[in-house]
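Chemist:
2 protein chains.
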Amino acid sequence: MANETHALNERAQLLLKTLVERYIADGQPVGSRALSKFSGLDLSPASIRNVMADLEDMGFITSPHTSAGRIPTPRGYRFFVDTLLTVKPLDRVEINQLEGQLQVENTQKLVASASHVLSEITRFAGVVVTPRRSAGFRHIEFLRLAEKRLLLILVTAEGDVQNRIIQTEKAYTPSELIEAANMLNQNFAGCTFEEIRRRIQSELKQLREDMSQLMAAALAAGDQAVSDSAEDVVISGEINLLGINDLSSNMSKLRDLFNLFEHRATLLQLLDVSSRAQGVQIFIGGEAGLTPLDECSVVTAPYEVDGKIVGTVGVIGPTRMAYERVIPIVDITAKLLSSALTQR
Amino acid sequence: MANETHALNERAQLLLKTLVERYIADGQPVGSRALSKFSGLDLSPASIRNVMADLEDMGFITSPHTSAGRIPTPRGYRFFVDTLLTVKPLDRVEINQLEGQLQVENTQKLVASASHVLSEITRFAGVVVTPRRSAGFRHIEFLRLAEKRLLLILVTAEGDVQNRIIQTEKAYTPSELIEAANMLNQNFAGCTFEEIRRRIQSELKQLREDMSQLMAAALAAGDQAVSDSAEDVVISGEINLLGINDLSSNMSKLRDLFNLFEHRATLLQLLDVSSRAQGVQIFIGGEAGLTPLDECSVVTAPYEVDGKIVGTVGVIGPTRMAYERVIPIVDITAKLLSSALTQR
DNA sequence: TGCCAGCACTCTCTGCGTCAGAGCGCCAAT
DNA sequence: ATTGGCGCTCTGACGCAGAGAGTGCTGGCA
Numbered sequence: 431m432a433n434e435t436h437a438l439n440e441r442a443q444l445l446l447k448t449l450v451e452r453y454i455a456d457g458q459p460v461g462s463r464a465l466s467k468f469s470g471l472d473l474s475p476a477s478i479r480n481v482m483a484d485l486e487d488m489g490f491i492t493s494p495h496t497s498a499g500r501i502p503t504p505r506g507y508r509f510f511v512d513t514l515l516t517v518k519p520l521d522r523v524e525i526n527q528l529e530g531q532l533q534v535e536n537t538q539k540l541v542a543s544a545s546h547v548l549s550e551i552t553r554f555a556g557v558v559v560t561p562r563r564s565a566g567f568r569h570i571e572f573l574r575l576a577e578k579r580l581l582l583i584l585v586t587a588e589g590d591v592q593n594r595i596i597q598t599e600k601a602y603t604p605s606e607l608i609e610a611a612n613m614l615n616q617n618f619a620g621c622t623f624e625e626i627r628r629r630i631q632s633e634l635k636q637l638r639e640d641m642s643q644l645m646a647a648a649l650a651a652g653d654q655a656v657s658d659s660a661e662d663v664v665i666s667g668e669i670n671l672l673g674i675n676d677l678s679s680n681m682s683k684l685r686d687l688f689n690l691f692e693h694r695a696t697l698l699q700l701l702d703v704s705s706r707a708q709g710v711q712i713f714i715g716g717e718a719g720l721t722p723l724d725e726c727s728v729v730t731a732p733y734e735v736d737g738k739i740v741g742t743v744g745v746i747g748p749t750r751m752a753y754e755r756v757i758p759i760v761d762i763t764a765k766l767l768s769s770a771l772t773q774r
Numbered sequence: 431m432a433n434e435t436h437a438l439n440e441r442a443q444l445l446l447k448t449l450v451e452r453y454i455a456d457g458q459p460v461g462s463r464a465l466s467k468f469s470g471l472d473l474s475p476a477s478i479r480n481v482m483a484d485l486e487d488m489g490f491i492t493s494p495h496t497s498a499g500r501i502p503t504p505r506g507y508r509f510f511v512d513t514l515l516t517v518k519p520l521d522r523v524e525i526n527q528l529e530g531q532l533q534v535e536n537t538q539k540l541v542a543s544a545s546h547v548l549s550e551i552t553r554f555a556g557v558v559v560t561p562r563r564s565a566g567f568r569h570i571e572f573l574r575l576a577e578k579r580l581l582l583i584l585v586t587a588e589g590d591v592q593n594r595i596i597q598t599e600k601a602y603t604p605s606e607l608i609e610a611a612n613m614l615n616q617n618f619a620g621c622t623f624e625e626i627r628r629r630i631q632s633e634l635k636q637l638r639e640d641m642s643q644l645m646a647a648a649l650a651a652g653d654q655a656v657s658d659s660a661e662d663v664v665i666s667g668e669i670n671l672l673g674i675n676d677l678s679s680n681m682s683k684l685r686d687l688f689n690l691f692e693h694r695a696t697l698l699q700l701l702d703v704s705s706r707a708q709g710v711q712i713f714i715g716g717e718a719g720l721t722p723l724d725e726c727s728v729v730t731a732p733y734e735v736d737g738k739i740v741g742t743v744g745v746i747g748p749t750r751m752a753y754e755r756v757i758p759i760v761d762i763t764a765k766l767l768s769s770a771l772t773q774r
């Protein structure tokens, strides 16, 4: 007895499990009759009602109103995913399919396609935190577009390419441009932009005056690269959530949710948490502390480059989602992303 | 009499105008009493009812049901925007504000920010068709990332920068890379990729074998650049439309609308039409032939580079929108975009 | 001829009451 | 411990009446 208030006996667990499964499957509150049919146990609805009452007391399930069946509470979902859920790993076929849809041309495309694939395959919103990169300098190029217009191409240590068009006051000759680029490439390759800034500052007097605008532009582009490469969140398939009945019923909540999506910083904070732990993490309902996510769950997994965690992939969907399907998908996607990034 | 069935007399026009204005303002069907108060004419509701009946016969207005006021039909809106609407040009201040929010660093950012600004300022969805560019070759660079990994940087004639990481079979020396780049830069600058492909093919035998992989990669990147630079539609602020009562009432229509947004090709077709004409164009309701846009209007304006139309900007919002505000905004945005693009 | 007050009519919207259906809790019997 | 049975409660659908809004029409007036 005292036992039952803390731990669930096997029967209660089985019933909770089938209840959650049925609710996830058809979204209707589950009554004692249905449970008696589907649990596999040979119990009458009346007996089941007793157990259900206990489960309700313990806070695992609740009824929307007196004469409806029961639905899982967040706590019920939590227990379900933590100890009752049996995930079946993906088929080799599905993995290949997933892998085939990742576009490996460059990091941005890779991240974008990962997010897109997640949303396509789960039909929820896919989300990826872009890898954080320490912005070092590798290579620069000035390309003459017109008399006083240059295209500046900047490659960071991580192989990201930044480009911007700059208007110059003076018309540089091709050889001057090459000279400036060489000067930067030879002296500063491998440095951070902060270092470059310091060293240029101190050597400014020696610097030929007509070079200084080019240097300034280069540094500005560098700063841009740093800020661009700050962590960011890529979301796709938000539209899928419009189709989810659980969410689209109360319009104002839905609006809040989409507003959250626009508010990258908040989202980032949530997803960052998940990158502390290894493996798949699940946030159920408001567990993340964000009210717009009340009826949502977030399934995340960190991905890594060379053994170091650099970002997070995930799926945002209704709390009533098929976890046993979503979890392996997110897991594999993180692994695929890791390996695609490590190769480069 | 016969006159009235074709053209509207002044009184009818004024009443239609105030009716549309009032309906746009508060979204409620407008009754004869309200019209008599707000029209400025000194007429009793009863007289106004006669005119309204005529307007209804002519198809400019309709009533949702017997005892409601009248609302404009698409034809009513059409007449309104064509001949009754008085747009007030934007303040200098507003223009500056608009201009300040455009990010001119490079074409992609410019287009994205234009779309974003439109959505922010109108609180509807902003949409921009990216400029079509003939993809010519300008410059290429091979950068060694690791032994058998190169970063390929490709600059098109229009100054767009493509980059991709390639794995090579052979470990190239820096001087080989420079040689390959030089070879391409000197011989093919200004050519289309099609030309390059032909000429390389014909000279393939003379080409040192170890260079061919680099050439192939360069051409592949070029093709990518061509296809990437194909026209595309950038949408932002779709979420704003969630908040519009006219649209969010019937969920399924809203879904259709968002599906349309995902279906770039269809949207492109619609927006391309608008780039045939000069100046602001307005599509009301389903005039564009797309059912998901039934309750929407699209306000567009083409923008140009060096006097040649290269794309379209626009706003998608509910048919019940404040046209007199949206029209100048779209107009000015197109002009700002034109001038920003022409400068580069 | 144009305008308008008045009136009957129609339609929506709201609230109320009823009724069937679903499901529960409790209790007594096994 | 399990279970059949009974009464209770709540929802959702339905129908109905009354209020409110706005129209169309008619007949009178300048």
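If you're matching them up, the sequences are chains W and B in order.
First residue of the first sequence: 431, per the numbering used here; consecutive thereafter.
First residue of the second sequence: 431, per the numbering used here; consecutive thereafter.
Think of the CB as a built atom: it goes at the ideal place given N, C-alpha and C, for glycine as much as any other residue.
Here's a check: name, in chain order, each residue in its chain whose Cβ is nearer than 8 Å to the Cβ of Ala718/B, leaving out the five neighbours to either side.
Modeler: Same-chain partners within the cutoff: Leu700, Val703 and Val728.
Chemist: If you check the beta carbons only, do Leu514/B and Leu465/B fall under 8 Å apart?
Modeler: In this structure, Leu465/B does not lie closer than 8 Å to Leu514/B by Cβ.
Chemist: Near Val541/W, what residues of its chain come up, given a Cβ to Cβ distance below 6 Å and the 5 sequence neighbours on each side ignored?
Modeler: Closer than 6 Å at Cβ, skipping near neighbours: Val558, Thr560 and Val664.
Chemist: Tell me whether Asp590/W is buried or exposed, calling it buried when 16 or more other Cβ atoms sit within 10 Å of its Cβ.
Modeler: Looking at its Cβ environment, which holds 16 or more other Cβ atoms inside 10 Å, Asp590/W is buried.
Chemist: Can you list, in chain order, the residues of the region 536–561 of chain B whose Cβ is nearer than 8 Å to any Cβ on chain W?
Modeler: Within the region 536–561 of chain B, the qualifying residues are Asn536.
Chemist: Can you tell me which of Leu723/W, Gln708/W and Met751/W puts its alpha carbon nearest to the alpha carbon of Leu687/W?
Modeler: The shortest C-alpha separation from Leu687/W is found at Leu723/W.
Chemist: Pairs of beta-carbons, one from the region 567–585 of chain W and one from the region 735–744 of chain W, closer than 8 Å: are there three or more?
Modeler: The region 567–585 of chain W is not in contact with the region 735–744 of chain W.
Chemist: Could you spell out where the beta strand (DSSP E) holding Gln592/B opens and where it closes?
Modeler: Where Gln592/B is concerned, the enclosing beta strand (DSSP E) stretches over Val591 to Gln597.
Chemist: For the region 621–709 of chain W, which segments carrying the alpha helix (DSSP H) assignment without a break, of at least 4 residues, lie completely within its bounds, in sequence order?
Modeler: Whole alpha helix (DSSP H) segments, 4+ residues: 623–632, 642–658, 675–678, 681–692 and 694–704.
Chemist: Compare the C-beta of Val585/B against all C-beta atoms of chain W and say whether one is closer than 8 Å.
Modeler: Chain W contact via Cβ: present.
Chemist: Go to Lys738/B, then tell me how far its beta strand (DSSP E) extends in each direction, as first and last residue.
Modeler: Here the beta strand (DSSP E) through Lys738/B covers Lys738 to Pro748.
Chemist: Which class does Arg568/B belong to by DSSP, given the choice of helix, strand or coil?
Modeler: DSSP places Arg568/B in strand when its eight states are reduced to three.
Chemist: Using a C-beta to C-beta distance shorter than 7 Å, which residues of chain B count as neighbours of His569/W?
Modeler: Simply Leu573.
Chemist: Taking the continuous alpha helix (DSSP H) assigned at Ala544/B, which residues delimit it?
Modeler: Residues Thr537 to Thr552.
Chemist: Please determine if the region 528–543 of chain B and the region 495–503 of chain B are in contact, where contact requires at least 3 C-beta pairs separated by less than 8 Å.
Modeler: At 8 Å Cβ cutoff, the stretches do not touch.
Chemist: Name the chain W residues whose beta carbon is nearer than 8 Å to that of Met613/B?
Modeler: The premise fails here: Met613/B is roughly 17 Å from chain W at the closest Cβ pair, so nothing lies under 8 Å.
Chemist: May I ask you to list, following chain order, the residues of the region 594–610 of chain B that have a beta carbon less than 7 Å from some beta carbon of chain W?
Modeler: Within the region 594–610 of chain B, the residues whose Cβ lies closer than 7 Å to some Cβ of chain W are Arg594 and Ile595, listed in chain order.
Chemist: With DSSP collapsed to three states, give me the class of Asn433/B.
Modeler: With a pLDDT of only 40 at Asn433/B, under 50, the local geometry of the prediction cannot be trusted, and the value read off the model is given with reservation. Looking at Asn433/B - three-state DSSP - the assignment turns out to be helix.
Chemist: From the DSSP secondary-structure annotation, give me the bridge partner or partners of Tyr733/B.
Modeler: According to DSSP, Tyr733/B bridges with Gly741/B.
Chemist: Verify the CB distance criterion: does Val591/B have a CB-CB separation below 8 Å to chain W?
Modeler: Val591/B counts as touching chain W.
Chemist: Look at the alpha carbon of Lys738/B and the alpha carbon of Leu771/B, and state the distance between them as a whole number of angstroms.
Modeler: Rounded to the nearest angstrom, the two C-alpha atoms are 11 Å apart.
Chemist: Run through DSSP, which three-state label would Phe490/B get?
Modeler: Three-state DSSP puts Phe490/B in coil, outside helix and strand.
Chemist: Could you check whether the Cβ of Ile759/W sits closer than 8 Å to any Cβ belonging to chain B?
Modeler: It does not; no Cβ of chain B falls within 8 Å.
Chemist: Quick one: Cα of Met482/W to Cα of Leu438/W, how far?
Modeler: Straight-line Cα distance between these residues: approximately 12 Å.
Chemist: Give the range of the beta strand (DSSP E) segment to which Arg417/B is assigned.
Modeler: Lying before the first or after the last residue shown, residue 417/B is absent from chain B, which here runs from 431 to 774.
Chemist: How about Ile583/W and Ile583/B: do their beta carbons lie closer than 8 Å?
Modeler: Yes, these two residues count as a Cβ contact at 8 Å.
Chemist: Closer than 8 Å, CB to CB, is Glu692/B near chain W or not?
Modeler: Yes - at least one Cβ of chain W is within 8 Å of the one on Glu692/B.
Chemist: Quick one, which residues of the region 669–680 of chain B are near chain W if we go by CB-CB under 8 Å, in chain order?
Modeler: Result list: Ile669, Leu672, Gly673 and Ser678.
Chemist: Please report the residue range of the alpha helix (DSSP H) in which Val450/W lies.
Modeler: That run of the alpha helix (DSSP H) goes Glu440 to Asp456.
Chemist: Is the closest heavy atom of the ligand HEM to the C-beta of Thr730/W under 7 Å?
Modeler: The model on display carries no ligand, and the ligand HEM is accordingly not part of it.
Chemist: To the nearest angstrom, report how far apart Ser545/B and Asn680/W are at their CA atoms.
Modeler: Straight-line Cα distance between these residues: approximately 29 Å.
Chemist: Could you check if Val523/W is buried or exposed, using at least 16 other CB atoms within 10 Å of its CB as the buried criterion?
Modeler: Exposed, by the Cβ-count rule.
Chemist: Apart from the five residues on each side of it in sequence, which residues of its chain come closer than 8 Å, Cβ to Cβ, to Asp761/B?
Modeler: Correct list, in chain order: Gly709, Val710 and Ala731.
Chemist: What residues of chain B sit near Phe618/W, judged by a beta carbon separation below 9 Å?
Modeler: Within 9 Å Cβ-Cβ: nothing; Phe618/W doesn't reach chain B, min ~15 Å.
Chemist: Write down the C-beta distance between Val756/B and Thr552/B rounded to the nearest angstrom, noting that I regard them as a contact closer than 8 Å.
Modeler: The Cβ separation is near 5 Å, so the contact holds.
Chemist: Could you check which residue in Gln592/B, Phe490/B and Leu697/B has the C-alpha nearest to that of Tyr507/B?
Modeler: Answer by Cα proximity: Phe490/B.
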